[in-house]
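Heads up, the thing below is written out as structure tokens.
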RNA sequence: GCGCUCGUGGUGCAACGGAUAGCACGCAAGCCUCCGAAGCUUGAAAUGCAGGUUCGAUUCCUGCCGAGCGCACCA
């Protein structure tokens, strides 16, 4: 199945053990140009070791290597170009996929060890904005990827349900709030209050002081403050769950910031015991000068805790309760410094597992090239975008496939798929300038494009009206026209491996677009349902494509409707 | 000022240090009496600047320019 490895082994046999198999495998590449074959081995590195011209080495190697897997070996300059045996590789690959079904591409490297994933983490009383979309969608996909690699994912939604913004919110509600309005449209009304607070605070600084004092009351357990907090929290969570349902995202834990309120004293004590805590400007900090980082603030001068304190408590709690092998934090790039500090402090505390914590940063969702600001109300609401996308999908269905049953379900799958895919298709570190137009595009490299390809392939299998055979019959097919599709099918496990190693779902998104493109070209060129001796083999190929496309979409958290 | 991230056709993005730098959107021209045109085919169009390492640099290193984000009592 791994042809690269096979080639590396052959090279190793033929060579006088100048390099080991791993090194040789590293050098093997897939040519950009298909005319150069399926695998290529450049001889430059070898030339240095053996002290012969690379062209000569290539020539010599080409004469010595033989295997039924390689049907042709060409020498082009310093390159050894290997052409795989199309019939053998195609029939093996297709048979393998049909046999393994959605298990194809699974990697058994995790040994069922737990991996916690901190994702989504919206702030209560603030709207679920496009910014949270990124963490939710990337984290969700990473959970599936990690699972595919044999780990046990634990999705944790570290809800932002505590902090000074609640003091501000309570202040605003006390001054201008209306219970009825909040009940009717909680998030929007709370956002309005939050924005108003910041507008007013510019000319009236005492508001900030009031906010701070309300938060202090909250921390001290003041009943009035607590009941307001509880109310805001409940209303917000209800709204969030509606969005998660739309996107089909589920969590194993909603333990947010408030959950750690009673677990922070312990952290502070531990830090004191380990003599890491230092007073600085009346605040308690951990110095990180050795690590060349700014100090990490643990307690404010008024004794209140901070973000870092909470995250330390959360890290300890997660280690103790989940015994994670890996702890991923899918949080924006702008918090890189915070996670460096967090990990550094844990390391200083002597926890060896600190290095198992990985911050997975991603670029910002910008608006007109600038950061969106909740305070100024410059946010785009995710739910509105999703609903608009669903409505657009519905229109497309009415126009293109009016007889479809269950249009609403499919519209949801396609509309939401478009938004999620748009976020996953590019390398996560790139900033994204928000564009509704781009997000709701259904043509080109988009979720709906992949879904459409899948639906078309399913349609063929339906029309063939033969259950996909468990094995493909020997056929006269040459696999020439199918070859681009086949070679991509063999690449799926690699795409999964890359996405895991780099914690990068876009590797899979790009892969399924490539596969969909190759299949669509094949579809345009070959009449698959033509009755002839090759039909069975072609249908098996189509079945393989549906399996891999569907599994690829699943790993991104996107649904795959069979008709659309 | 210091730190992190990023500079590729008009726009959005690809390219384990390798061959002629790929794809999509948009634009221009085609393709449904034929398996779903949310598709396919063809065309025009790009590596910020200057050095360095290397047989070979879009990729690695240094400097500069440009963008975004951070840099103690927000998260």
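In my numbering, the protein residues as written are -1 to 562.
Glycine included, C-beta positions come from ideal geometry on N, C-alpha and C.
| query | Is the beta carbon of residue 258 less than 8 Å from the beta carbon of residue 306? | reply | For this step, residue 258 is matched to residue 260 along the first chain. For this step, residue 306 is matched to residue 308 along the first chain. No.
| said: Which same chain residues end up closer than 8 Å to residue 364 when comparing Cβ atoms and leaving out the 5 residues on each side of it in sequence? | reply: The residue given as residue 364 occupies position 366 in the first chain. Closer than 8 Å at the Cβ level, and outside the excluded window around residue 364, lie 370, 429, 430, 431, 432.
| request: Measure the C-alpha to C-alpha separation of residue 540 and residue 84 and round it to an integer number of angstroms. | output: The count along the first chain starts at 1 and reaches residue 540 at position 542. The count along the first chain starts at 1 and reaches residue 84 at position 86. Taking the straight line from one Cα to the other gives about 17 Å.
| request: Taking 8 Å as the cut-off, decide whether the C-beta atoms of residue 216 and residue 171 are in contact. | output: To locate residue 216, count along the first chain from 1; it is residue 218. To locate residue 171, count along the first chain from 1; it is residue 173. In this structure, residue 171 does not lie closer than 8 Å to residue 216 by Cβ.
| task | Starting from residue 225, follow the alpha helix (DSSP H) in both directions and report where the run begins and ends. | result | For the purposes of this step, residue 225 is taken as residue 227 along the first chain, with counting starting at 1. Here the alpha helix (DSSP H) through residue 225 covers 221 to 245.
| Quick one: any contact between the region 432 to 441 and the region 509 to 524, if contact means 3 or more CB pairs under 8 Å? | no
| query | Is residue 15 helix, strand or coil by DSSP? | reply | As a working mapping, residue 15 is identified with position 17 in the first chain. Residue state, collapsed to three classes: coil.
| query | Which residues in the same chain have their Cβ closer than 8 Å to the Cβ of residue 354, if we skip the five residues on either side of it in sequence? | reply | Here the question's residue 354 lines up with position 356 in the first chain. Excluding sequence neighbours, residue 354 sits near 322, 323, 324, 325.
| field | CA nearest to the CA of residue 417, picked from 130, 404, 492 | value | Position 419 of the first chain, counting from 1, holds the residue named residue 417. When each option's Cα is compared against that of residue 417, the closest is 130.
| By Cβ distance below 8 Å, which residues in the same chain neighbour residue 468 in space, the five residues on each side in sequence not counted? | By 1-based counting over the first chain, the position of residue 468 is 470. Bear in mind that the predicted position of residue 468 carries a pLDDT of just 48, short of 50, making it unreliable; the figure below should be weighed with that in mind. Answer for residue 468: 96, 97, listed in chain order.
| field | Range of the contiguous beta strand (DSSP E) that encloses residue 58 | value | If you number the first chain from 1, residue 58 lands on position 60. Looking at the DSSP string, residue 58 is not in any beta strand (DSSP E); the run it does join, the alpha helix (DSSP H), is 52 to 62.
| request: Determine the burial state of residue 536: buried for a count of at least 16 other Cβ atoms within 10 Å of its Cβ, exposed for fewer. | output: Taking the first chain and counting its residues from 1, the one referred to as residue 536 is at position 538. Result: buried.
| query | With contact counted as at least three CB pairs below 8 Å, one residue from each stretch, are the region 329 to 340 and the region 285 to 300 in contact? | reply | yes
| request: Have a look at the DSSP bridge pairing and note the partners of residue 303. | output: Position 305 of the first chain holds residue 303. Partner(s): 297.
| said: Quick check on the DSSP output: the alpha helix (DSSP H) that includes residue 264 runs from which residue to which? | reply: Locating residue 264 in the first chain gives position 266, counting from the first residue. Residues 262 to 271.
| Cut-off 7 Å between Cβ atoms - residues of its own chain near residue 462, not counting five sequence neighbours on either side | Position 464 of the first chain holds residue 462. Counting only Cβ-Cβ distances below 7 Å, and skipping sequence neighbours, we find 527, 537.
| request: Keeping to the same chain, check which residues put their C-beta closer than 6 Å to that of residue 137; ignore five residues upstream and five downstream. | output: By 1-based counting over the first chain, the position of residue 137 is 139. 115, 117, 328.
| query | Pick from 497, 143, 32: whose alpha carbon is nearest that of residue 151? | reply | Here residue 151 is taken as the residue at index 153 of the first chain, counted from 1. Comparing Cα-Cα distances from residue 151 to each of 497, 143, 32, the minimum goes to 143.
| message | Could you compute how far the alpha carbon of residue 413 sits from the alpha carbon of residue 250? | response | Counted from its first residue, the first chain places residue 413 at position 415. Counted from its first residue, the first chain places residue 250 at position 252. Those two C-alpha atoms are separated by around 26 Å.
| field | Candidates 361, 146, 40, 273, of which the one nearest residue 80 by Cα | value | Here the question's residue 80 lines up with position 82 in the first chain. Proximity to residue 80 across 361, 146, 40, 273 peaks at 40, based on C-alpha coordinates.
| message | For a test of your reading of the model: does the CB of residue 69 fall under 7 Å from any non-hydrogen atom of the ligand PLP? Yes or no. | response | What this structure holds is no ligand at all, so the ligand PLP is not there to describe.
| On the three-state DSSP scale, how would you describe residue 545? | The residue you call residue 545 lines up with position 547 of the first chain. In the structure shown, residue 545 sits in a helix (DSSP, three-state: H, G or I).
| field | Beta-carbon contacts of residue 11 that lie in its chain and below 8 Å, excluding the five residues immediately before and after | value | In the first chain, residue 11 corresponds to position 13, counting from 1. Here the set comprises nothing.
| task | Measure the beta-carbon distance from residue 504 to residue 426 and round it to whole angstroms, keeping in mind my assumption that it falls under 8 Å. | result | For this step, residue 504 is matched to residue 506 along the first chain. For this step, residue 426 is matched to residue 428 along the first chain. Yes, they are in contact, since the Cβ atoms of residue 504 and residue 426 sit about 7 Å apart, within 8 Å.
| query | Considering only the beta carbon of each residue, do residue 275 and residue 265 sit closer than 8 Å? | reply | Working through the first chain from its first residue, we reach residue 275 at position 277. Working through the first chain from its first residue, we reach residue 265 at position 267. The answer is no: Cβ separation not under 8 Å.
| request: Assess, as a yes-or-no matter, whether the region 448 to 455 is touched by the region 488 to 499 under the definition of 3 or more beta carbon pairs within less than 8 Å. | output: no
| message | According to DSSP, is residue 364 part of a helix, a strand, or is it coil? | response | Taking the first residue of the first chain as 1, we reach residue 364 at position 366. Assigned with DSSP and collapsed to three states, residue 364 falls in strand.
| field | Opposing strand residues paired with residue 38 [DSSP bridges] | value | Position 40 of the first chain, counted from the start, is the residue given in the question as residue 38. According to DSSP, residue 38 bridges with 27, 79.
| said: Beta-carbon within less than 7 Å of residue 563's beta-carbon, same chain only, minus the 5 sequence neighbours each way: which residues are those? | reply: The structure shown does not extend to residue 563, since the chain spans only -1 to 562, so no value can be given for it.
| said: If the criterion is Cβ atoms closer than 8 Å, does the pair residue 25 and residue 59 meet it? | reply: Start at 1 with the first residue of the first chain, and residue 25 comes out as number 27. Start at 1 with the first residue of the first chain, and residue 59 comes out as number 61. No, the Cβ-Cβ distance between residue 25 and residue 59 is not below 8 Å.
| field | Distance, residue 103 Cα to residue 6 Cα | value | Stepping through the first chain from its first residue, residue 6 is reached at position 8. Stepping through the first chain from its first residue, residue 103 is reached at position 105. Cα to Cα, residue 6 sits roughly 21 Å from residue 103.
| query | How big is the Cα-Cα spacing for residue 160 and residue 234? | reply | For the purposes of this step, residue 160 is identified with residue 162 of the first chain, where counting begins at 1. For the purposes of this step, residue 234 is identified with residue 236 of the first chain, where counting begins at 1. Straight-line Cα distance between these residues: approximately 13 Å.
| message | Distance check for residue 153 and residue 400, CA to CA, integer angstroms please. | response | Mapped onto the first chain, residue 400 falls at position 402. Mapped onto the first chain, residue 153 falls at position 155. Their Cα atoms are separated by approximately 38 Å.
| field | Sequence-distant residues of its chain with Cβ nearer than 7 Å to residue 42 (five each side left out) | value | Reading the first chain from its first residue, position 44 is the one you call residue 42. So the list reads 52, 76, once near-sequence residues are dropped.
| Taking only runs of the alpha helix (DSSP H) that begin and end inside the region 74 to 159, which ones reach a length of at least 4 residues, in chain order? | 84 to 98, 128 to 146
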